[in-house]
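Residue numbers (the working numbering), protein chains in the order written: chain A, 2 to 579; chain W, 13 to 586.
Yeah, the Cβ is synthetic: ideal placement off N, Cα and C, and Gly gets one too.
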């Protein structure tokens with residue numbers, strides 16, 4: 002919660018005004034029993050009608066002022082709570098977008114989503130209720146106690162016993178339930194994950210008629226959350242009745258003591274009434290407070306989760322000072338020097354001692370089997386992960402010395418998984434380069450062999466893409482993600498096995514188009530010999546090691562791995578393909 | 013949906029728990045009576061304290077004994093009621109989530125394709141939570157509130173008719189104020205819920221694709237878009253929150269008026285000797301007791317407005333039309349031979365445009381059908397129809413002469429195995445992924461299947477082997493590895509019809525050769541649709557379907573199509 006408090010600081014004014022007005026309202030409420038005592042003792046017992054009229058007028062005035070104060074307080078509390086949640090949501094979103102790949106791997110999307118949505122609204126609710134009640138309730142409680150003392154010290158002593166006892170009860174229940182609420186939010190995470198999974202995998206689930214199994218799994222998770230809820234509420238539910246019993250017991254003692262004091266002549270019965278009234282005000286307030294505490298405990302559990310996410314240390318240090326924009330053009334645009342790499346937390350090395358140089362304007366092919374480390378090469382040059390040893394140089398500068406944004410500005414990558422966003426095609430393309438003109442985008446669409454897709458749909462750049470690209474085929478999505486990468490004005494374009502869903506003719510056309518990008522360096526990662534065959538240089542990867550570098554002809558001569566891949570594909574493609 | 017009908021349906025959700033609720037109601041009666049009896053006893057006790065030396069302790073003890081009993085009853089019934097009400101609310105939530113989740117599995121695929129996943133998620137998580145909060149508050153406060161009002165009125169009329177009438181006259185003001193505010197608020201709640209759905213959708217989509225956003229350094233742009241939506245939501249949120257929170261102070265104000273009136277008129281009556289001080293104090297407590305429930309009920313009303321708005325969204329999803337299925341006995345649990353006949357098939361997503369039309373062909377069991385055409389030519393659409401993910405607009409697909417719409421979907425799909433273009437794995441262990449959709453699969457069978465699809469090698473090299481958990485986004489496996497697992501999933505039990513949708517596209521060629529051999533063995537004697545690129549596959553197939561712009565434009569064997577000199581021929585010579 003402490004970490005989150007700074008999000009309230011722009012609302013200092015509101016945070017003071019709301020409770021202050023609540024307190025004002027409370028003061029007026031505390032005066033009311035005094036006026037009633039006046040009515041009883043001076044009005045009725047004293048037989049003075051004018052006191053009754055005056056007191057009636059005062060009551061009315063107090064209620065009007067009370068209403069004004071309450072409305073003011075509600076408004077400022079709502080404003081602070083909403084504003085707080087808004088900036089918290091924004092910061093959390095920024096934090097998530099700033100996560101390194103390692104952080105994302107570890108956090109889990111579903112859990113991040115619950116934090117962004119459910120958790121924040123719980124905390125917002127907590128802030129709102131706190132501003133409204135947290136000051137008011139203790140104020141009324143202690144205020145009522147002080148007022149009771151002004152009436153009679155001996156009779157009021159019982160108040161000093163009740164209040165600490167209540168605080169102990171509240172404290173105990175809070176201590177017990179907060180970890181339970183954390184667990185509930187955790188099980189909400191897994192429900193969310195399960196739902197997401199079923200939405201995205203609906204076809205496979207149905208193809209395997211696994212709906213019933215999924216339903217059963219979901220039901221199990223759902224039931225375990227239900228049980229958690231029940232157990233937690235069993236504890237939380239003690240708070241309210243315990244408060245009732247303790248305060249009513251105190252009331253009983255108060256009446257008994259009061260009776261003795263009246264018998265002694267130290268108290269009037271009007272005063273006993275006022276004392277009882279204060280005790281019942283405490284009761285009403287504490288019942289409210291105990292409900293608030295239940296809300297608050299939940300909010301605190303959620304705040305803890307959000308705080309955890311906000312304080313996750315970024316796995317990647319952006320401590321470079323050199324901007325890649327300031328680097329002079331060199332012949333060696335990219336260089337790997339003895340690079341080895343392990344994924345964080347995994348034992349084996351995914352890349353071992355990789356050395357290669359890419360010259361500006363070259364077309365480089367990277368080929369190798371599944372899991373040979375081809376994609377990792379791209380992740381490393383984008384600095385999505387840090388190398389375990391060795392250096393990656395961009396235009397002669399170690400990429401660790403470059404600012405992350407400037408480095409990534411110069412390299413444009415087509416990721417293996419074709420992900421598009423809901424919205425227009427234009428919006429999707431502008432993601433890569435906000436300054437692109439329609440002409441730039443149309444050119445990129447043309448180069449990525451997507452014009453027919455766009456034309457067939459007849460909406461041009463306004464083509465509406467549904468969430469997850471649901472209205473496009475796999476190949477169409479791939480080509481549009483290539484178009485997106487081409488919209489960016491970069492030095493290096495890297496395609497990470499991103500033509501796998503394309504037929505051979507389209508793939509060939511695409512490679513032809515890439516050749517027209519004069520002066521640009523192109524890196525094509527692929528499984529297919531045809532896709533890399535015409536490259537200026539081909540890097541052959543085999544189980545994390547570079548098995549050979551050279552042209553197609555060189556490698557056919559010298560690199561047995563390459564030759565084997567080639568031959569295997571020839572037996573396939575000897576007769577050609579479509 | 014009208015509020016009234018939403019309300020009725022919410023009652024429907026609660027109905028199975030009627031016995032529990034009746035029990036809760038009984039406890040509520042005991043609770044209210046004890047709660048109201050306490051001020052009576054307090055009043056009587058005060059009346060015993062007439063003055064110095066005049067306190068009747070014997071009478072007082074009798075009263076206090078009763079007081080003790082009442083306070084215990086009051087505490088215990090509150091506790092039991094809370095437990096019961098919580099149980100009911102949690103049960104409703106559980107049942108509702110299960111129904112919503114089951115709904116995911118009964119709506120047509122097109123529904124899920126066209127609705128934002130984040131929005132559906134928001135309905136299932138946030139909206140259900142809000143509904144339950146509303147219900148919980150409803151049960152716990154509405155009962156007690158209403159009972160308190162009625163009981164208090166009875167008690168008060170017994171004491172003094174005229175003062176009670178003052179109270180009754182002022183009551184409608186409170187109700188009027190509450191309804192006025194809640195009407196205003198509902199509009200804001202509805203808007204808030206829908207904006208929240210949009211925001212969740214955006215979060216769901218972009219948080220799921222952080223890697224892409226980072227690749228393009230588009231964090232700034234996305235944050236800006238997010239901020240816009242966030243601000244819009246915050247605005248609606250503030251309005252809804254503030255308007256709803258005015259209910260409480262306003263009704264409290266009206267209640268204050270009631271209290272003041274009782275004090276004022278009560279005192280005037282008392283001064284004339286019509287009331288004792290103890291009775292007046294008791295009356296004042298009642299005025300408080302009587303007005304508090306209005307306060308709480310008004311709170312319930314706002315909370316309920318919110319719950320109604322959320323329930324509306326929940327029911328909207330539950331009311332979505334289910335996919336058509338059949339439980340035709342003829343089709344049940346039958347193994348197909350693989351004979352497929354298609355007659356005048358017609359389909360398009362956008363019903364105003366023609367897409368797939370005039371499709372007819374017949375294949376015998378064991379035929380191999382190659383689907384050929386440029387990327388995006390509509391292969392996926394055709395598969396959607398074969399698997400009945402989408403229903404045709406016209407025409408028929410007959411399996412063994414039985415129309416597909418009279419075969420239950422599960423029977424149909426049990427007979428068709430496919431490897432999809434987009435791999436999808438569950439976030440469970442690799443072994444469970446391979447055994448997906450089947451029960452009682454032994455580890456040996458799983459390993460056997462993995463060996464057949466050549467996935468065994470890489471799986472056994474993983475630190476935890478077959479027990480490796482696939483991460484939620486599947487990022488701990490390469491695309492090729494995921495595809496190998498998908499193939500192993502199919503190997504476990506090969507159905508009579510296969511759809512191989514560019515299955516081998518992201519697997520390296522050395523593995524691909526082995527898989528291809530395995531596939532050929534599989535395809536032996538099974539009707540297989542292959543989305544094919546390789547000429548050898550195409551040439552050897554019994555039927556080639558040539559697709560372009562969403563439709564099958566040519567069909568026949570290789571030789572027939574070459575003779576036609578049409579689109580296929582031009583593809584060959586490209």
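- Restricting attention to W/322, W/69, W/188 and W/216, the CA atom closest to the CA of residue 98 of chain A is found in W/216.
- Of the residues assessed, residue 228 of chain A falls on the exposed side of the cut-off, its CB having fewer than 16 other CB atoms within 10 angstroms.
- Taking the C-beta atoms as reference points, residue 242 of chain A is found no nearer than 8 Å to residue 224 of chain W.
- The CB of residue 212 of chain A comes closer than 7 Å to the CB of 117 in chain W, given here in chain order.
- Taking CB atoms only, residue 125 of chain W has a neighbour in chain A less than 8 Å away.
- Excluding its 5 nearest sequence neighbours in each direction, residue 355 of chain A has C-beta neighbours in its own chain below 6 Å: 337, 340 and 547, listed in chain order.
- Under the Cβ criterion of 8 Å, residue 239 of chain W is counted among the residues facing chain A.
- Residue contact with chain W for residue 543 of chain A: absent (no Cβ-Cβ distance below 8 Å to any residue of chain W).
- When C-beta distances to chain W are compared with 7 Å, the residues of the region 392-412 of chain A below that value are 406, 409 and 410, in chain order.
- Residue 491 of chain A sits in coil when the DSSP states are folded into three classes, being neither helix nor strand.
- W/417 is the residue among W/386, W/380, W/417 and W/384 whose C-alpha sits nearest the C-alpha of residue 398 of chain W.
- If you check the CB distance, residue 53 of chain A and residue 47 of chain A do not come in under 8 Å.
- Looking at the backbone, the Cα of residue 126 of chain A and that of residue 143 of chain W are separated by about 15 Å.
- Interface annotation for the region 2-19 of chain A against chain W: empty, criterion Cβ-Cβ distance under 9 Å.
- For residue 505 of chain A, the chain W residues whose C-beta falls within less than 7 Å of its own C-beta are 545, listed in chain order.
- Counting along the chain, the unbroken alpha helix (DSSP H) around residue 144 of chain A starts and ends at 137-152.
- For residue 99 of chain A, the chain W residues whose C-beta falls within less than 8 Å of its own C-beta are 231, listed in chain order.
- Interface flag for residue 386 of chain W against chain A is set, since a Cβ pair is found closer than 8 Å.
- No Cβ-Cβ contact shorter than 8 Å links residue 375 of chain A with residue 533 of chain A.
- Chain W has a Cβ within less than 8 Å of the Cβ of residue 435 of chain A.
- The DSSP-derived three-state label of residue 49 of chain W is helix.
- In this structure, the straight-line span from the alpha carbon of residue 475 of chain W to that of residue 481 of chain W is close to 11 Å.
- Taking a Cβ-Cβ threshold of 8 Å, the residues of chain A close to residue 64 of chain W are 263, 264, 265 and 266, in chain order.
- Contacts with chain W at 8 Å (Cβ-Cβ) include residue 102 of chain A.
- Beta-bridge pairing by DSSP links residue 353 of chain W to W/374 and W/410.
- Residue 209 of chain W is not a Cβ neighbour of residue 406 of chain A, given a cutoff of 8 Å.
- Contact holds between the region 436-455 of chain W and the region 193-211 of chain A, because three or more Cβ pairs, one in each stretch, are under 8 Å apart.
- Contact fails between the region 290-310 of chain A and the region 367-383 of chain A, because fewer than three Cβ pairs, one in each stretch, are under 8 Å apart.
- Take residue 557 of chain A, set aside five residues on each side of it, and the residues of its chain with a beta-carbon closer than 8 Å to its own are 563, 564 and 567, in chain order.
- The DSSP-derived three-state label of residue 380 of chain W is strand.
- When Cβ pairs closer than 8 Å are counted between the two stretches, the region 175-190 of chain A is seen not to touch the region 241-256 of chain A, the count staying below three.
- Between residue 330 of chain W and residue 404 of chain W, the CB-CB gap reaches or exceeds 8 Å.
- Residue 34 of chain A and residue 231 of chain W have their alpha carbons spaced roughly 59 Å apart.
- Per DSSP, the continuous alpha helix (DSSP H) segment holding residue 576 of chain W begins and ends at 570-576.
- Taking a C-beta distance under 8 Å as the contact criterion, residue 445 of chain A and residue 430 of chain A qualify as a contact pair.
- Between residue 75 of chain W and residue 56 of chain W, the beta carbon gap of about 5 Å places them in contact (Cβ cut-off 8 Å).
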